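Step one of this worksheet: look at the structure below.
Residue numbers (this note's numbering): 27 to 88.
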């Protein structure tokens with residue numbers, strides 16, 4: 027996985043991002059070292075305007 031790939035998600039400005047259950051900003055997400063990611067789940071939802079919203083859940087290695 028490449029952290030820069032996360033930055034390119036369509037509608038990322040409407041996405042809620044969580045690290046280990048805590049909501050974080052997009053800027054905080056961009057600083058995450060990809061080697062520290064244990065798992066990731068993306069929940070995308072289509073919006074009425076044709077865009078995308080949703081959530082990114084990231085679990086880090088302990």
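By construction, the Cβ of each residue, glycine as well, lies at the ideal position given by its N, Cα and C atoms. Bear in mind the structure is a predicted one, so any value in this text is a computation, not a measurement.
Residue 66 counts as exposed, since fewer than 16 other beta carbons sit within 10 angstroms of its beta carbon. Shown here for residue 49: same chain residues with a beta carbon closer than 8 Å to its own, the five before and five after excluded, namely 42 and 43 in chain order. Nearest neighbour of residue 52 by Cα position, chosen from 61, 86, 69 and 82, turns out to be 82. DSSP places residue 70 within a strand segment (E or B) once states are collapsed to three. Linking residue 63 to residue 88 through their CA atoms gives a straight-line distance of about 9 Å.
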